[in-house]
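Numbering (my numbering), first residue to last: 20 to 684.
A short write-up of the structure that comes next.
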Amino acid sequence: MMGEQTDVSLHPLKGEENKVLIMGGGIAGLTAALAIRRVAALTGLSLRPIIYEASNSPYPGENTSSHWILWRWAIDVLLELGLGKRLSRISMPIDNLKAVDADTNELLVHYPPIDPLTGLPEKEQIQDPEAGNTAGGIPAMIGIRKVDVIRTLLLALSDIRDDLLDGSFVPTAANNSQGSTPEGIPEGIDADLAWGNTWFHDEGYADLVPDLHLGYELDSFLISASTGKVTVKFTNGVVEQGFMLIGADGLHSKVRELLGSNRYPAQHAGAAVVYGIANLSHPPLDMPTEYADGNPLPQSKMSELTAFCPDGNAVGIVGRGVAFGVNNLGNGMLGWNLVVAQPEPHFHTTQFAAEEQERRQMGQASSSGTDPFRLEQISTDVPSSGPSSGHSSRSASPVPSVSSDKTAVDSITTSLQATSLDTPPTSAPTSPPTTPRTRKRMETAFERQLRLQREELLASKLAPPSPNDPVTRLSHIRAQGLALSLVSRHPSLPTTVLSLIAHSDAGSIYAQDILDLAQEYPESTTSPNFHPGRVILIGDAAHPVATNANGSVGGGLAITDAALLAKLIAKHLSNDHTSTETALGNLAREFDNLRIGPCSRVMTDARAEGGWGRTENGWVRSLWRLSWKVTTRQWVRSTFAQMLERGGIKGDYVGLNKVRTSGAV
């Protein structure tokens, strides 16, 4: 159905339009689309990148709350794409990154290394005139929100603000930060920062970027044996055909699932993360003042919060089974991650939901005063011993037992005790009674069945959620409550942590498991034995990285993956003397050689470092602290140098910053 052509030369790639189908409208997909456009304009290849995003609302609230530290190797790519001027306004250079032990307050890690003569961090900057960075050095790291990177890429794809295309990086406050003067704050596409959850639709990106299609969830794809072209089918019934398929659809990648026959599902990394952003220049008006159980929260002064992680800093606190990290994102914002070890997936979120349910049930039972399932003692009348009693009579109503007193129910045990039918009667009066006496009788089968049903119903109301129906994630107020609860269980963390979480907008807080592919990962990003290069995975679809206290380098790897793929397209597909299949095969092999090894090591190291740092074993923690004490300054400097280039692009490839394009995607 796709024709009989078996050896398509590269010449048609410079003639008729060839669609590059990109699954996923996140960082990896948007960067790939922008980079391929730049390459196509430079080489004359007739490539049209088209982005298909599964969600109808592609950038929900969690993107506003997600934040990263981007290292220089990722910053370089963004500057090469000409995004430096915008990047300067939406991020904060990180001059000092340190981690301390929560138990001893010992300094474990400090990047850049400390100069022993001055006691200050070593200053290390690189001038990059080719990127236009003549006003200052490229920072080693920046703190930034994910949503602002996404919005910057969309603006670049829309081509409506070419005045912002600049490779220089000169840190400047955003023109619409919440600490800015209200008068004259720009809105819409003229604003620097994205605010709220509706900015995508409010600013009209669906029209500005017409080749970004929303609501297109991948169902399946097929590679033609004869032509190599890829046909994709979406769950909405639409069928599309393209020259290449790029899987940039994230952690739970459908492309990876289909390409690897579902061999590589996301794996639990042994921890959960709660993350959010505190805007100290504009704190929420309804900050929590107590825990979920009603106990008061400790308070910190605003000066203590600002001193906790000042501008230019990123701080991590590592304790037993827990780590808390804060990144200064600039513009008055502090992004934080609370990482807590857990024995199984969804443990903390499900446990917190169960505790919520139990508190609700306890509150309902307490407010009602009596057990709504209570059975009153059934009593019968006996003849009076008095002489005036000439015949038997029955009381008009049953007499309640002693156990029917109003009692607050605080547990299943209390509830069952309060409704027991076996409560012993009070002692008989010493004087002859003048009213009919009562006597207890045996519980009938009907009454016993009713009691058992009542107990079963009460127990089911107070029981935690079934393991078969776990709570996979929490958001907003519930996630904030979970974070406060988890921190309260780790007294080694400073009280400033509680105050920082309380000062965060609850709408920006989310909780979920940490997942990666560190245990088993694909050995290739493509199908190496069947038309290699026609389908390629990038970003989290290829190598999701576990989140640690100061975030994940996964966002940086997504950026460099996309840029490298575009550079390899220019290198291999612009060769007029090589067939398409041969060129794509060479492209795929070079991409795998450059990315599989380094990125898999990043995945395994991220999980291992997080696990070692959060270990609860006392002697292991002592050994771990000792290892940091005895490390030489040269080793720390060498490690820092590796971090500055670990996920970067190595090799002499075509530049992406030299081409200015116009028109829609």
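Beta carbons: idealized from backbone N, C-alpha and C, even for Gly.
query = What does a CB cutoff of less than 6 Å around T62 pick up in its chain, not counting 5 residues either side in sequence?
reply = The residue labelled residue 62 in the question sits at position 43 within the sequence shown. Only A589 and S593 meet the Cβ criterion.
Alpha helix (DSSP H) runs wholly inside the segment 279-337, at least 4 long, in chain order = Fully contained in the segment 279-337 are the following alpha helix (DSSP H) runs of length 4 or more, in chain order: 321-327.
inquiry  = Using a 10 Å radius around the Cβ and a threshold of 16 neighbouring Cβ atoms, would you call A703 buried or exposed?
reply    = Since the first residue shown for the chain is 20 and the last is 684, residue 703 is missing from the structure and cannot be characterised.
message = Rounded to whole angstroms, what is the Cα-Cα separation between Q376 and L517?
response = Locating residue 376 in the sequence shown gives position 357, where the first residue counts as 1. Locating residue 517 in the sequence shown gives position 498, where the first residue counts as 1. C-alpha of Q376 to C-alpha of L517: approximately 23 Å in a straight line.
query = Could you give the distance in angstroms between the alpha-carbon of T597 and the alpha-carbon of S65?
reply = Here residue 597 refers to the residue found at position 578 when the sequence shown is read from its first residue. Here residue 65 refers to the residue found at position 46 when the sequence shown is read from its first residue. Using only the alpha carbons, I get a separation of about 17 Å.
query = Does DSSP put A360 in a helix, in a strand, or in coil?
reply = Walking along the sequence shown from the start, residue 360 turns up at place 341. Residue state, collapsed to three classes: strand.
ask   = Taking the C-alpha atoms as reference points, what is the distance between R170 and S319?
value = Against the sequence shown, residue 170 aligns to sequence position 151. Against the sequence shown, residue 319 aligns to sequence position 300. Spanning the two alpha carbons is a distance of roughly 34 Å.
query = If you draw a straight line from the C-alpha of V506 to the C-alpha of R608, how long is it?
reply = Here residue 506 corresponds to residue number 487 of the sequence shown, with the count starting at 1. Here residue 608 corresponds to residue number 589 of the sequence shown, with the count starting at 1. Answer to the nearest angstrom: the Cα atoms are 47 Å apart.
message = Could you check whether A530 and L501 sit closer than 8 Å to each other, using their CB atoms as the reference points?
response = Taking the first residue of the sequence shown as 1, we reach residue 501 at position 482. Taking the first residue of the sequence shown as 1, we reach residue 530 at position 511. Yes, they are a contact pair.
request  = Taking the CB atoms as reference points, tell me whether H550 and I242 lie closer together than 8 Å.
outcome  = Mapped onto the sequence shown, residue 550 falls at position 531. Mapped onto the sequence shown, residue 242 falls at position 223. Cβ atoms of H550 and I242: closer than 8 Å.
ask   = Anyone know if the C-beta pair for P307 and A521 falls short of 8 Å?
value = In the sequence shown, the residue the question calls residue 307 occupies position 288. In the sequence shown, the residue the question calls residue 521 occupies position 502. For P307 and A521, yes; Cβs fall inside 8 Å.
query = Roughly how many angstroms separate the alpha carbons of K165 and L89, rounded to a whole number?
reply = Numbered from its first residue, the sequence shown carries residue 165 at position 146. Numbered from its first residue, the sequence shown carries residue 89 at position 70. Cα to Cα, K165 sits roughly 10 Å from L89.
task = My understanding is that G344 touches V334, with C-beta atoms under 8 Å, so please give their C-beta distance in whole angstroms.
result = Counting from one through the sequence shown, the residue named residue 344 turns up at place 325. Counting from one through the sequence shown, the residue named residue 334 turns up at place 315. The pair is a contact, with the Cβ atoms about 7 Å apart (cut-off 8 Å).
inquiry  = Rounded to whole angstroms, what is the Cα-Cα separation between I336 and D305?
reply    = Here residue 336 corresponds to residue number 317 of the sequence shown, with the count starting at 1. Here residue 305 corresponds to residue number 286 of the sequence shown, with the count starting at 1. Each residue's alpha carbon lies about 27 Å from the other.
inquiry  = Can you tell me whether T123 is buried or exposed? The criterion is at least 16 other CB atoms within 10 Å of its CB, across all chains shown.
reply    = To locate residue 123, count along the sequence shown from 1; it is residue 104. Classification for T123: exposed.
ask   = Cβ of I94 within 8 Å of Cβ of I161?
value = As a working mapping, residue 94 is identified with position 75 in the sequence shown. As a working mapping, residue 161 is identified with position 142 in the sequence shown. In this structure, I161 lies closer than 8 Å to I94 by Cβ.
query = Run through DSSP, which three-state label would L584 get?
reply = Mapped onto the sequence shown, residue 584 falls at position 565. Reduced to three states, the DSSP call for L584 is helix.
Local conformation of A658 per DSSP, three classes = In the sequence shown, the residue the question calls residue 658 occupies position 639. Looking at the sequence itself, residue 658 is Thr, so the reference to Ala does not match. Correct three-state label for T658: helix.
inquiry  = Let me check understanding here. Comparing Cα to Cα, which of L603, P112 and M381 lies closest to T191?
reply    = Position 172 of the sequence shown, counted from the first residue, corresponds to residue 191. Ranking the options by Cα distance to T191, first place goes to P112.
Where the alpha helix (DSSP H) through I94 begins and ends = In the sequence shown, the residue the question calls residue 94 occupies position 75. Element bounds for I94: R91 to E99.
ask   = Which same chain residues, not among the five before or five after L675, have their C-beta less than 6 Å away from its C-beta?
value = Along the sequence shown, read from residue 1 onward, the residue named residue 675 stands at position 656. Counting only Cβ-Cβ distances below 6 Å, and skipping sequence neighbours, we find A54, R57, E99 and L100.
query = Span of the beta strand (DSSP E) holding A118?
reply = Counted from its first residue, the sequence shown places residue 118 at position 99. Here the beta strand (DSSP E) through A118 covers N115 to D120.
ask   = Do three or more CB pairs link the segment 574-590 to the segment 288-305 at distances below 8 Å?
value = no
request  = On a CA-only basis, which of L176, S187, G186 and W214 is nearest N194? Give me that one, please.
outcome  = The residue labelled residue 194 in the question sits at position 175 within the sequence shown. Measuring from the Cα of N194, the nearest candidate turns out to be W214.
query = How would you label E539, buried or exposed, when you count the other beta carbons within 10 angstroms and need 16 or more for buried?
reply = Along the sequence shown, one-based indexing puts residue 539 at 520. Under this definition E539 is an exposed residue.
ask   = From I41 to A660, what distance separates their C-alpha atoms?
value = Against the sequence shown, residue 41 aligns to sequence position 22. Against the sequence shown, residue 660 aligns to sequence position 641. The alpha-carbon atoms of I41 and A660 are separated by roughly 34 Å.
query = According to the neighbour-count rule (16 or more other Cβ atoms, all chains shown, within 10 Å of its Cβ), is A225 buried or exposed?
reply = In the sequence shown, the residue the question calls residue 225 occupies position 206. Answer is exposed; the Cβ neighbour count stays below 16.
Candidates I69, A625, N82 and P158, of which the one nearest L97 by Cα = Position 78 of the sequence shown holds residue 97. Answer by Cα proximity: P158.
query = Whose CA, out of G604, G570, A244 and T250, lies closest to the CA of A291?
reply = Indexing the sequence shown from 1 puts residue 291 at position 272. Considering only alpha carbons, the answer is G570.
task = Consult DSSP for E600 and reduce its assignment to one of helix, strand or coil.
result = What you label residue 600 is simply residue 581 of the sequence shown in a count that begins at 1. The answer is helix: DSSP assigns E600 an H, G or I state.
request  = Rounded to whole angstroms, what's the CA-CA distance from L584 to L139? Just pull it up for me.
outcome  = For the purposes of this step, residue 584 is taken as residue 565 along the sequence shown, with counting starting at 1. For the purposes of this step, residue 139 is taken as residue 120 along the sequence shown, with counting starting at 1. Approximately 39 Å between the Cα atoms of the pair.
key: Local conformation of Y224 per DSSP, three classes   = Counting from 1 along the sequence shown, the entry for residue 224 is found at position 205. In this structure, Y224 counts as helix in the three-state DSSP scheme.
request  = Leaving out five residues on either side along the sequence, give the residues of the same chain with a beta carbon under 8 Å from the beta carbon of E330.
outcome  = For the purposes of this step, residue 330 is taken as residue 311 along the sequence shown, with counting starting at 1. Note that residue 330 is Asp in the sequence shown here, rather than Glu. The answer, listed in chain order, is M111, N347 and G349.
ask   = In terms of alpha-carbon separation, which member of D181, D178, I296 and V39 lies closest to S523?
value = Residue mapping note: residue 523 aligns to position 504 of the sequence shown, counting from 1. It is I296.
query = Going along the chain, which unbroken runs of the beta strand (DSSP E) with 3 or more residues stay wholly within the segment 532-566?
reply = 554-556
task = Check the DSSP bridge columns for R67 and list the partner residues they point to.
result = The sequence position of residue 67 within the sequence shown is 48, counting from 1. Partner residues in the beta bridge of R67, as assigned by DSSP, are K38.
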